[in-house]
Each structure stands twice: as C-alpha cells, then as structure tokens.
Amino acid sequence: MKGTPGEVTILAIESSCDETAAAVCKNGHILSNKIANQEVHKKFGGVVPELASRAHLQNIVPVVDLALKEANCNLHEIDAIAFTQSPGLIGSLLVGGQFAKSLSLALHKPLIAVHHMQAHVLANLIGEPKPEFPFLCLTVSGGHTQIVYCETATKMQVIGETIDDAAGEAFDKSAKLLGLPYPGGPLIDKYAKQGDPKRFQFPEPQMPGLDFSFSGLKTAILYFIQNAGESLVYKQENIKSEEVQQKFIKENLNDICASIQQRIVSILMNKLIKASRTTGIKQVCIAGGVSANSGLRKSFEEVGKEQGWKTFIPAFEYCTDNAAMIAIAGYYKFLDQDFSELTVVSSARAEW
Ligand code: KG4
Ligand code: ZN
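Here the sequence shown is numbered in our numbering, starting from 73 and rising by one per residue.
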C-alpha cells in the first residue's frame, strides 16, 4: 500500500461547494492545481446545491485529466488519492468522494479523507517560508470563521469560531444588501480600494473569549441602507423610499464598502490579537477565501508588525477553494499512514 520510498505523489480532489478542483503534489510540492468554476450559480445570487452537484459530475473527469497532464504524471504514478470528505454541500462532496473511491479501488491505491477546513489551514505549508509549529491560523471562508491552534500538520484544535454568520457571509450578505451580485466579497474589496473606511461607523460586537459574531453587523447595515445613512443609530425608524436608498448606495458605494470592510477586518484582527496573547504564539497565519481580501491582508501585516508576529498568508490561488491544499493535507496524512476505508462517508458537517 505504500508509495515509492522517499517519493510520495498525491492526487487530490476538492468538490465541497461550487468549485471542482484537482491537484497533484509530489513530496509536498505542488505540481499542478486546476479549478473549474461553476458560472451556473451567478444568476441565482448564491450556490444552488443541486446545480453544483450536476456541474461537478460534468467537470470532474476533465479537471482531473488536466491536473495529471500539467503535472506530467500518469495515474499509475500516484501513491494515494486524497479528497474532501467534509464539511460542505453533501451532494457536491459525494461526487468528489465517489470519484476518489472509484480511483482508489481501480488503482489499488490508498484513499485519504481530508477535512476541508484543516486543509485551508495547511495551505500555509505550501511554499516557503513555512510557519513553525505550533502556529495560529485565522481561517475565514464563506461557511466558517475559526481561530485554529495548529500543533502539528495533523493535530489541530479550534479555539475560537463564529456563533452565527461566517466572515465570508458577512461580506456576501452586505454586498447583497448593496445590490451587488454573488459572491459579493471580492466586489466589496474592489470598491473599498477607492473608499474612505472611516466615513461610516458600524458596530463591533462585544463577544466574550475568542468567538465571533457577525449577524448584528448585517442587521446594522440593513438599517443603515434603509435609513439611507441618515441616522447614526441604525434602527428601523426612518425608512426611506427604495429610490432614495438606491441613490444613496450609488453615490456612496466606495465609502460604504470601505467602511464595511474595515469593520469586518477589525473584528477579525482584534480576536486574533487576543488569541496570540492568550496562547503566547507569535507564528500567525490566515487562510480561506476571505484571506484573499486586500484590506485583511494589509491589516494583518500591519498588526503583525506591531505585535511582533511572524505572519504567513497563502499565495492567492491557495486562499480560495482549491485542491492543492487538499493535496498538502493528504501528503501529511500519508506520512502518518492515516488512510481511510472505502466505506468512509462524506459528511456535510464535520468534527475536528
Ligand atoms: O474558502 P472559500 O473559497 O469557500 C468556502 O469554503 O466557503 O471562501 C469563499 C468566500 C466567499 O464568501 C467570498 O465572498 C469570499 O470568500 N471572498 C472574499 C474575497 N475573495 C473571496 N471576501 C472578501 N474579499 C475578497 N477579495
Ligand atoms: Zn473553503
């Protein structure tokens, strides 16, 4: 069951949401990283699970083929097949999971089940320099916001997380309120670049410990838009006509986006500072789709300098969903000989 001594080549498949992705890594180095994005969801303002599963079925064979070709690798050179087992949309996970199992069975190669959120953390181990263990990672994606204490590549613990919306949802839901298409996070980032982040003040929730909450911010933004920014106390008291609201958004879009982004980023950074102080750890990473946000990246570097951290951010293509991170997670599990049975079950929700 083992790969060639000293040489470990992993084929990885990621299909947890609306990206069908495949990657090959050899001895922890990424040889290829391919993604098919699903355009079909754009007109629905969010991911439609049924359509995502169907698109995965269409995309998976060509994407795996491309990843193998770019890596100059054939299926028989693969030592193991890693796949995202959880968490995610169950129909999407099942497509990647069944495909990986079929390959494992046909090639007589071990199967490695990977936790998507742990893989986001481990994206920081792709490339150089790498963080030293133990490190902290703020993982911010469309479905999760977590601070993870990472003791080794295969031993980690969530020490803080959101009790309601994820940071990515806070971006996407705010964008939706501004009439921007899904996913709105990158658009808020784009408009924020030209805006004044101090122009509008949104509340920072008072959450104890290392947990986050973003639902209050979403409500504040809703009232703020309904009031066309007129009241500083964003309450449902002064609702303006749709026309006035739209005009207000249009004329102030850059400043609104910059102010929303600034608040989301400050909520994240304040908790990360607290986590570092509590644990005494100064090797600090960020990961997940929202770590592609330019405001967060900039603030993370500035805070890192102030706090004396050594900071790490994955390359842009490894921040949003990708299979390279699944391959890296699979590689470390391979080194631990941590393989799964063919009976392993995909799961929408995941335990750590
Ligand atoms: O990690 P990811 O690709 O998928 C999940 O596992 O959820 O994260 C997707 C999230 C979406 O909410 C998207 O709006 C957000 O990441 N995102 C951004 C940016 N790029 C992606 N949010 C803010 N600024 C960005 N530049
Ligand atoms: Zn993700």
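Don't be surprised by glycine CBs; every beta carbon is placed ideally from N, CA and C.
Is residue i buried or exposed, if buried means 16 or more other CB atoms sit within 10 Å of its CB?
{"i": "K141", "result": "exposed"}
{"i": "I311", "result": "exposed"}
{"i": "D237", "result": "buried"}
{"i": "D261", "result": "buried"}
{"i": "T234", "result": "buried"}
{"i": "D408", "result": "exposed"}
{"i": "L251", "result": "The question names Leu, but residue 251 is Gly in the sequence shown. So G251 counts as exposed."}
{"i": "P201", "result": "exposed"}
{"i": "W381", "result": "buried"}
{"i": "E276", "result": "exposed"}
{"i": "N394", "result": "buried"}
{"i": "Q130", "result": "exposed"}
{"i": "E241", "result": "buried"}
{"i": "A178", "result": "exposed"}
{"i": "P464", "result": "No answer is possible for residue 464: it lies beyond the span of the chain, which begins at 73 and ends at 424."}
{"i": "K173", "result": "buried"}
{"i": "E423", "result": "exposed"}
{"i": "K322", "result": "exposed"}
{"i": "G78", "result": "exposed"}
{"i": "P253", "result": "exposed"}
{"i": "E91", "result": "buried"}
Just to confirm, are residue i and residue j a CB contact at a threshold of 8 Å?
{"i": "C89", "j": "V119", "result": "yes"}
{"i": "P182", "j": "A139", "result": "no"}
{"i": "F274", "j": "G301", "result": "no"}
{"i": "S158", "j": "A330", "result": "no"}
{"i": "F427", "j": "I184", "result": "Residue numbering for the chain in the displayed model covers 73 to 424; residue 427 lies beyond these limits and cannot be assessed."}
{"i": "I85", "j": "G168", "result": "yes"}
{"i": "Y288", "j": "G232", "result": "Correcting the residue identity first, residue 288 is Gly in this sequence and not Tyr. Not a contact, by the Cβ cut-off of 8 Å."}
{"i": "N326", "j": "Q266", "result": "yes"}
{"i": "K343", "j": "I219", "result": "yes"}
{"i": "F63", "j": "T350", "result": "Not covered by the structure: residue 63. The range shown for the chain is 73 to 424."}
{"i": "T156", "j": "S87", "result": "yes"}
{"i": "Q333", "j": "P269", "result": "yes"}
{"i": "H192", "j": "S164", "result": "no"}
{"i": "L166", "j": "S412", "result": "no"}
{"i": "K106", "j": "A124", "result": "no"}
{"i": "A264", "j": "I336", "result": "no"}
In the DSSP assignment, what residue or residues form a beta bridge with residue i?
{"i": "Q218", "result": "T211 and E233"}
{"i": "V186", "result": "T156"}
{"i": "C97", "result": "I82 and I102"}
{"i": "Q355", "result": "K382"}
{"i": "K227", "result": "T224"}
{"i": "S412", "result": "L183"}
{"i": "E91", "result": "N109"}
{"i": "F205", "result": "Note: F205 sits in no beta bridge, so no partner."}
{"i": "F284", "result": "T234"}
Give every residue of the same chain whose Cβ lies closer than 7 Å to the Cβ of residue i, excluding the five residues on either side of it in the sequence, and list them in chain order.
{"i": "N392", "result": "Residue identity differs from the one stated: residue 392 is Thr in this sequence, not Asn. G361 and A364."}
{"i": "I102", "result": "A95, I198, A396 and A399"}
{"i": "I353", "result": "P206, F207 and L208"}
{"i": "F116", "result": "none"}
{"i": "L294", "result": "L249"}
{"i": "T383", "result": "V356, F372, E373 and G376"}
{"i": "T415", "result": "none"}
{"i": "Y403", "result": "V80, I82, C97 and G100"}
{"i": "S348", "result": "L208, K354, V356, Q379 and W381"}
{"i": "Q190", "result": "M228 and A401"}
Considering only residues of the same chain and omitting the five flanking positions on each side of residue i, which have a CB-CB separation below 6 Å?
{"i": "I358", "result": "L210, F372 and I385"}
{"i": "Q229", "result": "Y221"}
{"i": "N144", "result": "none"}
{"i": "L83", "result": "V96, I150 and I153"}
{"i": "K290", "result": "K245"}
{"i": "I297", "result": "L249 and Q317"}
{"i": "P255", "result": "D244"}
Any heavy atom of ligand 3 inside 7 Å of the beta-carbon of residue i?
{"i": "H180", "result": "Ligand 3 is not among the ligands present in this structure, which contains only ligand 1 and ligand 2."}
Within its chain, find whatever has a CB closer than 8 Å to the CB of residue i; leave out the 5 residues flanking it on each side and keep chain order.
{"i": "L147", "result": "L83, L140, L175 and L179"}
{"i": "T226", "result": "Y404, K405, D408 and D410"}
{"i": "V186", "result": "A84, A154, F155, T156, Q157, I398, A401, G402 and K405"}
{"i": "H113", "result": "D90, V119, V120, L123, A124 and Y254"}
Pocket of ligand 1 (residues with CB nearer than 5 Å to any heavy atom), chain order
Listed along the chain, these residues meet the criterion: S213, G214, G215, G240, F243, D244, P255, G257, P258, D261, G360, G361, V362, A364, N365, T392 and D393.
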